[in-house]
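Enquirer: Okay, so the sequence shown: first residue is 930 according to the numbering used here, each after it adds one. Virtual Cβ for every residue (Gly too), placed ideally from N, Cα, C. Keep in mind that this is a model prediction, so the values were computed, not measured.
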Amino acid sequence: MNDNFISDYIKNIEISGIRKFFNEVSNYPNAISLTLGQPDFFVPQAIKKALIDAIKDNKTGYTSNAGIVELRKEISNYLKRFHIDYLPEEICITAGGSEGLFDTFIALLNPGEKVLIPKIAYPAYESLTKLVGGEPIFYELDNNFNPNIEDVEKKIIREAPKILILSFPSNPTGTTLSMKDRQDLYNIIKNNNILVISDEIYSSLCFEEEYYSICQYEEILDKIILINGFSKMFSMTGLRVGYICCNEKYMKHIIKVHQYNTSCAPSIVQWALVEGLKNSLDEVEYMRNEFIKRRDYVYNRLVQLGFEVNLPKGAFYIFPSIKKFNMSSEEFAYRLLKEGNVAVVPGSAFGEGGEGYIRISYAYSMEALEEALDRISKWIKSLKSPGLG
Ligand code: PMP
């Protein structure tokens, strides 16, 4: 087909590298895949029951665009646990965090405007920027994948981006926001003409004692759009519900995009989530503890194998360096798949800064992780790489 029929903005973006690699894995039926950000737990029982009840009660029509007020109230209460204050009127329920991000980018960005994105990040931020004709620019991270605060400030002053992206706990690095960085970012945001999109989709999977978020500062809350959702929290990626929180002055525009996009999030899932937030938080805690065990296991095995790797503090990804193998991350991932029968995502799928790393998702059973690490170990031993035993 003639490419001329396709929008220039769309031609300019690529299908996600994560999906690309996941699709490739289907050609290797014996491979263990550690590629997806999808927990292997079942949806909590109470949520399943509430879903079925909602169908039986015929709660299957459109809801209001913003979503049912019962759920927005529960979300507003739930966020208080994280010391984040949004009123139910400041919340819009979406078809996943993905839709939340999409609506927000469309509503805020004009062609040519800049978005300041972490140098290693979830691919949607860069693609959505380009999809609207915006210009992605990037801030550096330090060796532990924390934001380089000086660079953030420098880029804001020199390049005047309209939007700053914060994404903690991070996909793919597992980094969380530290108290100090939160304070420094607060000062920068307060003193500059910038809006923040804070993607906190993994907030329920923070392994630290304290959860730090830029949204905890009341004084700058009118400069922040919070994106969150339930895919990871309740292990329900296919049920497609997330939410946007922001001041009414942005919400009244974002909701127009949401309205033309999906009208409303799936009704029965909204009703089931009211139940979930009331009665399934123990299950979330159980899953978080299981992820901590898996994280420790994978981290220790990788260290034993000689990988340079940071201990993730949240989400369910680990991002070891593969620089000493003298291969690109794509070559490493393809060879590990073909020769070692394990699929991981090349770091380059997360932007230029991700080159030299691979992303391993540990949202898989302990048995799968054990077998995968045995295979990785065997494969590495078959390579004649210096410095790795
Ligand atoms: N943000 C980040 C950082 C993610 O990793 C994901 C899913 N992988 C999303 C947003 C979107 O998730 P969903 O649409 O399932 O809520």
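In whole angstroms, what separates the C-alpha of VAL1186 from that of ILE1035?
Expert: When rounded, the distance between both Cα atoms is 7 angstroms.
Enquirer: So which residues touch the region around ligand 1, with touch meaning a C-beta under 5 angstroms from any heavy atom?
Expert: That query returns the following residues: GLY966, GLY1025, GLY1026, SER1027, TYR1051, ASN1100, ASP1128, ILE1130, GLY1158, SER1160, GLY1171.
Enquirer: Closer than 8 angstroms is the cut-off here; do at least three beta carbon pairs connect the region 1197-1207 with the region 984-1000?
Expert: Because the criterion of three Cβ pairs below 8 angstroms is met, the region 1197-1207 and the region 984-1000 touch.
Enquirer: Who are the Cβ neighbours of ASN1270 in its own chain at under 6 angstroms, not counting the five residues just before and after it?
Expert: The answer, listed in chain order, is ASN959, ALA960, ARG1304.
Enquirer: Does the beta-carbon distance from GLY1025 to VAL1170 come in below 9 angstroms?
Expert: Going by C-beta atoms, GLY1025 is nearer than 9 angstroms to VAL1170.
Enquirer: Check TYR1141 in the structure and name its three-state DSSP category.
Expert: Residue state, collapsed to three classes: coil.
Enquirer: Between ASP937, PHE1067, THR1102, GLY1103, which has its C-alpha nearest LEU1093's C-alpha?
Expert: Closest option to LEU1093, Cα to Cα, is PHE1067.
Enquirer: Per DSSP, which residues does ASP1128 bridge with? Please list them.
Expert: Answer is SER1096, ILE1156, bridged to ASP1128.
Enquirer: Is VAL1271 helix, strand or coil when you go by DSSP?
Expert: VAL1271 falls in the strand class under three-state DSSP.
Enquirer: ASP1071 to GLY1282, Cα distance in whole Å?
Expert: If I take the Cα positions, the gap works out to 11 angstroms.
Enquirer: So is VAL1238 buried or exposed if we call it buried at 16+ other beta carbons inside 10 Å?
Expert: So VAL1238 ends up on the buried side.
Enquirer: Of the choices LEU1266, LEU1057, SER1290, whose alpha-carbon is the least far from that of GLU953?
Expert: Of LEU1266, LEU1057, SER1290, the residue nearest in Cα terms is LEU1266.
Enquirer: Name the two residues that bound the continuous beta strand (DSSP E) containing SER1290.
Expert: Start and end: 1287-1290.
Enquirer: GLN1104: buried (16+ other C-beta within 10 angstroms of its C-beta) or exposed?
Expert: Reading off the sequence shown, one finds Thr at residue 1104, where the question assumed Gln. So THR1104 counts as buried.
Enquirer: Counting C-beta neighbours from all protein chains within 10 Å, is the total for PHE934 16 or more, i.e. buried, or is it exposed?
Expert: PHE934 is exposed by the Cβ-count criterion.
Enquirer: Grouping DSSP H, G and I as helix and E and B as strand, with all else coil, what is PRO1017?
Expert: Helix at PRO1017.
Enquirer: Between which two residues does the alpha helix (DSSP H) carrying GLU1069 extend?
Expert: Looking at the DSSP string, GLU1069 is not in any alpha helix (DSSP H), and its letter there is neither H nor E.
Enquirer: Provide the residue span of the alpha helix (DSSP H) that contains LEU1008, from first to last.
Expert: Looking at the DSSP string, the run of the alpha helix (DSSP H) that includes LEU1008 is 998-1009.
Enquirer: Is it a yes or a no for the region 1274-1292 touching the region 1218-1228, going by three-plus beta-carbon pairs under 8 angstroms?
Expert: Yes, the region 1274-1292 touches the region 1218-1228.
Enquirer: Quick check on DSSP: helix, strand or coil for LYS940?
Expert: In the structure shown, LYS940 sits in a helix (DSSP, three-state: H, G or I).
Enquirer: Among THR964, ILE942, ASP932, ASN941, which one has its Cα closest to the Cα of TYR1263?
Expert: When each option's Cα is compared against that of TYR1263, the closest is THR964.
Enquirer: Any idea if PHE1097 is buried or exposed, counting beta-carbon neighbours within 10 angstroms, 16 or more meaning buried?
Expert: That one is buried.
Enquirer: What's the gap between the Cα of SER945 and the Cα of TYR938?
Expert: Going by the C-alpha atoms only, they are around 15 angstroms apart.
Enquirer: Which same chain residues end up closer than 7 angstroms to ALA1301 when comparing Cβ atoms and leaving out the 5 residues on each side of it in sequence?
Expert: Excluding sequence neighbours, ALA1301 sits near ILE961, LEU963, VAL1271.
Enquirer: In whole angstroms, what separates the C-alpha of PRO1040 from that of GLU1299?
Expert: Spanning the two alpha carbons is a distance of roughly 47 angstroms.
Enquirer: Count the other CB atoms within 10 Å of the CB of GLN1233; is the residue buried (16 or more) or exposed (fewer)?
Expert: Burial call: exposed.
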